[in-house]
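Numbering (numbering that gives the first Met the number 0), first residue to last: 0 to 328.
The next block holds one structure in the form of structure tokens; read it before the comments.
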Amino acid sequence: MPRILSGVQPTGQLHLGNWAGAIRQFVELQQPGNEVFVFVASYHALTTLRDPAVLRDNCRQVVTDYLAFGLDPARTTIYLQHDVPEVTELHWLLSCVCPNHLMDKAVSYKDKLNKGLSANIGLYCYPILQAADILGPQADIVPVGRDQVQHIEITRDLAGMFNHAFSCEVFRQPAYRLSATAEVLPGVDGEKMSKSYGNTIDPFQDEKALRKRVMGIKTDSKGMDDAKDPATCPVFRIAKGVAGADDPRIIDLERKYREPPAGGFGYGHAKQALFEILLDVFAESRRRRAELMADPGAVDACLRDGAQRARAVISQTVAAARAATGLSA
Ligand code: AMP
Ligand code: TRP
Numbered sequence: 000m001p002r003i004l005s006g007v008q009p010t011g012q013l014h015l016g017n018w019a020g021a022i023r024q025f026v027e028l029q030q031p032g033n034e035v036f037v038f039v040a041s042y043h044a045l046t047t048l049r050d051p052a053v054l055r056d057n058c059r060q061v062v063t064d065y066l067a068f069g070l071d072p073a074r075t076t077i078y079l080q081h082d083v084p085e086v087t088e089l090h091w092l093l094s095c096v097c098p099n100h101l102m103d104k105a106v107s108y109k110d111k112l113n114k115g116l117s118a119n120i121g122l123y124c125y126p127i128l129q130a131a132d133i134l135g136p137q138a139d140i141v142p143v144g145r146d147q148v149q150h151i152e153i154t155r156d157l158a159g160m161f162n163h164a165f166s167c168e169v170f171r172q173p174a175y176r177l178s179a180t181a182e183v184l185p186g187v188d189g190e191k192m193s194k195s196y197g198n199t200i201d202p203f204q205d206e207k208a209l210r211k212r213v214m215g216i217k218t219d220s221k222g223m224d225d226a227k228d229p230a231t232c233p234v235f236r237i238a239k240g241v242a243g244a245d246d247p248r249i250i251d252l253e254r255k256y257r258e259p260p261a262g263g264f265g266y267g268h269a270k271q272a273l274f275e276i277l278l279d280v281f282a283e284s285r286r287r288r289a290e291l292m293a294d295p296g297a298v299d300a301c302l303r304d305g306a307q308r309a310r311a312v313i314s315q316t317v318a319a320a321r322a323a324t325g326l327s328a
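Given below as structure tokens:
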């Protein structure tokens, strides 16, 4: 039975990019025959977060949003990374077989420093901790956005290096999985949608604020009667990323971009269409989220159960890894 594992850092409100690149896949993969683990990468968030109240709130909010987006605790093991402290032991065991050059080549570290984050060893070794997350539950498949591919490749390298160093077969090699529309979703300014760029769209905002956010998406200055290029327009790209290229609303929108109908078709119309798509696609999630916000016990129960299930599986792997190194018989 294939094991699927993924996670998101609790560094801020989840956004459409997280959903399109990652969370939508988690929900799709919850099928009979798959064993799915989805966690909140709280240790990873400590590489950058320095406010305990914010970290605590974010952890809960990510779980609430996972459930709202359709993750089902009866089918998926949902847990907080720090509820399974064995992950940090695995991180250490992997660190000891990790050559420095493997971290030196990680682009995420350089990207983060370029964005102005302070350097620290946690940030530098971030990919080793991610490898521990993935190898702990012996995941076969890791659904992620394109920016995470290098981390999965590093995980494969580390699994092989550990097995080779200790002449064992403790770890299996995971593969990444990109969403069918593997595009990186742009934000309201046309750059990659990212918490750290302040350009995100939160599908859970109230209708008025959501509409305002959509109406503020940057476009060029083409008029109502001008032909427009959908491929370079963030309004169209977000709509397509959310609804899918085959959706009749997207086909219609693309036609209107290329050949505005009599009477014209402007970016205001396109934004209204996107707003309606968002309300439609996320109607159920928005309703569920409102319910969950009023029922904190549901989140607590999900996390208690998830921690227990995850810990049982991960501690088995850690025991095997310890034994391979000679730390235990
Ligand atoms: P992060 O917000 O960087 O912790 O990302 C969590 C997950 O969402 C990762 O799998 C990312 O690849 C994915 N992701 C984040 N931003 C985007 C985006 N703009 N488009 C597609 N996927 C994204
Ligand atoms: N690095 C991932 C991100 O920024 C989050 C993450 C941590 C993760 N550990 C993981 C994703 C294990 C997949 C598997 O999005």
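No residue lacks a Cβ here, since even glycine has one placed at the ideal position from N, Cα and C.
No experiment lies behind these values; they were computed from the predicted model shown.
Val312 - DSSP class collapsed to helix/strand/coil: helix
Beta strand (DSSP E) runs contained entirely in the stretch 10-74, provided each spans 3 or more residues: Counting whole runs of 3 or more residues, the stretch 10-74 contains the beta strand (DSSP E) stretches 34-39.
Val106 CB to nearest heavy atom of the ligand TRP below 7 Å: Not so, every heavy atom of the ligand TRP lies at least 7 Å from the Cβ.
Inter-stretch contact at 8 Å, needing at least 3 Cβ pairs: the stretch 110-119 / the stretch 79-96: no
Alpha helix (DSSP H) runs contained entirely in the stretch 238-287, provided each spans 4 or more residues: 247-257, 266-280
Proximity below 8 Å, CB of Val96 to CB of Ala131: no
heavy atom of the ligand TRP below 7 Å from His150 C-beta: Yes; taking the cut-off as 7 Å, the Cβ of His150 has a heavy atom of the ligand TRP nearer than that.
Local conformation of Pro233 per DSSP, three classes: helix
Three-state class that DSSP yields for Pro1 in the structure shown: Looking at Pro1 - three-state DSSP - the assignment turns out to be coil, as it is neither helix nor strand.
Inside the stretch 144-205 only - alpha helix (DSSP H) runs reaching at least 4 residues: 148-164
Nonlocal neighbours in the same chain, by C-beta distance under 6 Å from Ile19, ignoring five residues either side: Sequence check: residue 19 is Ala here, not Ile. Residues of the same chain with a CB within less than 6 Å of the CB of Ala19, apart from the 5 flanking positions on each side, are Leu184, Gly240 in chain order.
Val183 Cβ short of 7 Å to the ligand AMP heavy atom set: Indeed, a heavy atom of the ligand AMP lies less than 7 Å from the Cβ.
Classification of Leu112 by the beta-carbon crowding that lies within 10 angstroms, buried from 16 upward: Under this definition Leu112 is an exposed residue.
Straight-line gap, Ala226 to Leu54 (C-alpha atoms, nearest Å): 46 Å
For Thr10 and Phe235, the rounded distance between their alpha carbons: Near 27 Å, if we compare the C-alpha coordinates of Thr10 and Phe235.
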